[in-house]
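All remarks here apply to the structure that follows.
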Amino acid sequence: MAKPRITVTVSEEVYAFLSNWAEREQRPIANLAAYLLNTAVKEHQEKQNKKT
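In case it helps, the UniProt record's numbering puts the sequence shown at residues 1 to 52.
See the structure below:
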């Protein structure tokens, strides 16, 4: 089964930053963005779990 997809709009500055970062890591921008989103969600979930 295919993974769900989303579309995200960012400023030119953020795109340039992500593009340079992804190039340094030799990975696609979409892959880097997915990694960053997954990491942010996991951190948020952990914070929420600590509150309960």
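Just so you know, even glycine gets a beta-carbon here, dropped at the ideal spot from N, CA and C.
- By a beta-carbon distance limit of 8 Å, Ser19 does not contact Ile6. Their separation comes to about 19 Å.
- DSSP, read as helix, strand or coil, puts Lys3 in coil.
- CA-to-CA, the gap between Val14 and Lys50 works out to about 31 Å.
- Note on the UniProt domain "CopG-like ribbon-helix-helix" (4–45): there is no whole beta strand (DSSP E) run with a minimum of 3 residues.
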